[in-house]
Each structure stands twice: as C-alpha cells, then as structure tokens.
Amino acid sequence: MSIQNTDDPDAFREKVLEAFYKFYKGAATTKTGQRFKVSATDIWKETTKILERSIDYRELSPVLSYLCQTGHIKKNKDTGSYSITPKGLSLFEGKSKFIQEYQGVKLPEKEKIEVPTFDFIKKKKLVPILLRDYTEILRCIKSECWKSAIILCGSAIEAILYDLLKQNESEALSAKSAQKSKGSVLPLEEWKLNFLINTASELSLVSRGVKGLSHTTREFRNLIHPLKEMNENYKLEKEEAENAFTTLRILIRDLTK
Numbered sequence: 071m072s073i074q075n076t077d078d079p080d081a082f083r084e085k086v087l088e089a090f091y092k093f094y095k096g097a098a099t100t101k102t103g104q105r106f107k108v109s110a111t112d113i114w115k116e117t118t119k120i121l122e123r124s125i126d127y128r129e130l131s132p133v134l135s136y137l138c139q140t141g142h143i144k145k146n147k148d149t150g151s152y153s154i155t156p157k158g159l160s161l162f163e164g165k166s167k168f169i170q171e172y173q174g175v176k177l178p179e180k181e182k183i184e185v186p187t188f189d190f191i192k193k194k195k196l197v198p199i200l201l202r203d204y205t206e207i208l209r210c211i212k213s214e215c216w217k218s219a220i221i222l223c224g225s226a227i228e229a230i231l232y233d234l235l236k237q238n239e240s241e242a243l244s245a246k247s248a249q250k251s252k253g254s255v256l257p258l259e260e261w262k263l264n265f266l267i268n269t270a271s272e273l274s275l276v277s278r279g280v281k282g283l284s285h286t287t288r289e290f291r292n293l294i295h296p297l298k299e300m301n302e303n304y305k306l307e308k309e310e311a312e313n314a315f316t317t318l319r320i321l322i323r324d325l326t327k
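Residue numbers for the sequence shown follow this note's numbering, so the first one is 71 and each next one is one higher.
Listed below in structure tokens is the structure:
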C-alpha cells in the first residue's frame with residue numbers, strides 16, 4: 071500500500087483507527103448522529119483532523135481493507151458503514167486479547183470466540199466493564215474455575231438487564247414485578263437481579279428461556295457469600311458454568327439482533 075502522507079504505513083493505519091475510537095467514545099460526530107457505525111467519508115474527515123493535514127481520500131480504502139482483515143474494524147454489510155471491534159478498542163484501552171483460543175463448554179476444540187461489542191448497551195460506562203468480564207469468563211472456563219465463571223456471568227447478566235430496563239424505565243417502574251420497599255418502587259439502581267429478570271420478562275424484553283436460565287444463574291451468583299455455599303451444598307462444576315455462560319450468550323445474541 072502506498073501512503074503518500076507518511077513514511078510509516080503502520081502509523082497512518084493507527085491514526086485511521088484512532089478516528090474510529092473517537093467516534094466510539096463520542097469525541098467525534100457524524101451527520102447521521104450515529105457514533106458506532108460510521109462511513110468512510112466520516113473516517114477520512116476525522117483522520118484529516120487528527121493528522122492536521124489533508125490526505126488523499128483514495129489512500130483510505132486500502133487502510134480500511136487492511137484493518138478489516140486484521141480484525142480491528144468490521145464492515146457492516148447492510149449499510150456499508152464501519153465499526154471498531156473489541157480488538158481495535160484494546161489498542162486504546164490497554165486490554166488484553168479479545169479473540170481467545172477457547173477449549174470450552176460445548177465448543178469444538180480450539181474454536182475462536184469473539185467477545186461481543188455490546189453496541190446495544192446505552193450506558194457506555196458499562197461497556198468496558200462488560201468487555202473485561204466477558205474475557206475473564208472465557209479465561210475462567212478455560213482454566214476450569216467454575217465458581218468464578220458463574221459469578222461473573224451473573225454479574226454481566228445483571229448489568230445488561232439493568233441497562234435494558236433503564237432504556238424502558240417508566241414501563242419498568244410501573245411493572246407488577248418492580249422491586250418495592252414499604253409500598254414504594256425502588257430506583258432501578260437498587261433492584262436485585264431477581265426483580266430485573268422478572269420485570270424484563272413481564273415487559274417482554276427477554277424471552278421465557280432467558281428468564282428461566284437467568285433465575286438459575288441468579289441462585290448460583292449468590293455463592294459470592296461463602297456461608298450460603300456451605301449451608302446449601304451447591305454443586306459447582308462444568309455443567310453449572312455451562313448453563314450460566316449459555317444464558318449470557320443467548321441474552322447478548324437476542325439483544326444484538
């Protein structure tokens with residue numbers, strides 16, 4: 071690839087990727103207002119600002135193709151726009167690999183699992199937490215740390231359901247399943263996982279299957295309290311971790327559609 075504006079092709083690619091990151095963080099805006107799916111023109115203009123000099127638009131296409139091939143960005147087939155991936159984010163947020171060699175539950179040996187981008191999350195401060203926890207869940211399962219995997223799955227499910235209900239806050243607070251104290255509905259931030267699950271189901275925001283599986287995960291998430299584990303004789307093995315992780319993945323799949 072010929073890069074006329076810099077002697078270092080990798081440096082130019084990094085600046086293009088930085089433009090994607092600025093859109094993702096809300097530090098750059100598009101005409102459509104979408105920050106997570108941006109056009110090549112948007113990226114070209116923002117890269118120009120970052121470099122503080124003009125660049126030939128024709129130089130951008132091979133860079134976008136390269137970044138797609140390396141997995142730092144992805145092209146959205148429906149719109150032709152582009153989005154930064156977790157792998158791209160990792161360069162700016164100091165995270166470890168987002169594509170894991172995974173020999174885990176119900177997966178073919180050495181299948182690669184890509185951490186979701188969590189684009190459906192509206193409270194963006196939750197995204198880096200979910201990205202971190204999801205990658206840690208993969209490590210826990212690979213290392214057969216079943217209890218840690220289950221607790222992290224429950225935590226991730228709670229964060230996702232909170233964000234989902236926050237997007238539908240008025241309906242959630244009016245639901246029969248809303249958590250109450252002394253006859254008054256509590257703020258969503260104070261709800262326990264049980265109430266998040268039931269209310270999301272009542273409002274048809276999650277499927278019945280997710281509701282049932284989530285309640286199982288909720289029970290095991292309580293194992294963060296050692297006395298509960300001791301007194302109730304829970305079994306924490308591969309199958310329990312599999313159920314928790316499956317629930318999380320189904321929830322993410324359904325909300326990504």
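Even glycine gets a Cβ: it sits at the ideal position worked out from N, Cα and C.
> Just checking my contact of Ser153 with Phe106 at CB under 8 Å: how many whole Å lie between their CB atoms?
Replying inline: Confirmed, Cβ separation roughly 6 Å.
> Which class does Ser329 belong to by DSSP, given the choice of helix, strand or coil?
Replying inline: Since the first residue of the chain shown is 71 and the last is 327, residue 329 is not available in this structure.
>> Please list the terminal residues of the continuous alpha helix (DSSP H) segment that includes Ile143.
In response: Note, Ile143: premise wrong, no alpha helix (DSSP H); beta strand (DSSP E) at 143-145.
> Considering only residues of the same chain and omitting the five flanking positions on each side of Leu130, which have a CB-CB separation below 8 Å?
Replying inline: Around Leu130: Val86, Ala110, Ile113, Trp114, Thr117.
> Under 8 Å, do Val185 and Leu201 count as touching if we go by C-beta distance?
Replying inline: Cβ atoms of Val185 and Leu201: closer than 8 Å.
>> If the criterion is Cβ atoms closer than 8 Å, does the pair Phe265 and Ser247 meet it?
In response: Yes, Cβ-Cβ distance for Phe265 and Ser247 is below 8 Å.
> Which of helix, strand or coil does DSSP assign to Val280?
Replying inline: Residue state, collapsed to three classes: helix.
> Nearest-angstrom Cα distance between Ile207 and Val280?
Replying inline: Taking the straight line joining both Cα atoms gives about 19 Å.
>> Given this structure, state the Cα-to-Cα distance separating Leu134 from Ser274, to the nearest angstrom.
In response: Roughly 39 Å separates the two Cα atoms.
> Enumerated in chain order, which unbroken segments of the alpha helix (DSSP H) with a length of 4 residues or greater are wholly contained in the stretch 203-230?
Replying inline: Contiguous alpha helix (DSSP H) elements confined to the stretch 203-230 do not occur, taking only those with 4 or more residues.
>> Does Gln131 come out as helix, strand or coil in the three-state DSSP assignment?
In response: At residue 131 the sequence reads Ser, which differs from the Gln that was named. Residue state for Ser131 is assigned as helix, using DSSP reduced to three classes.
> Using DSSP with H/G/I as helix, E/B as strand and the rest coil, what is Val255?
Replying inline: Val255 sits in a strand when the DSSP states are folded into three classes.
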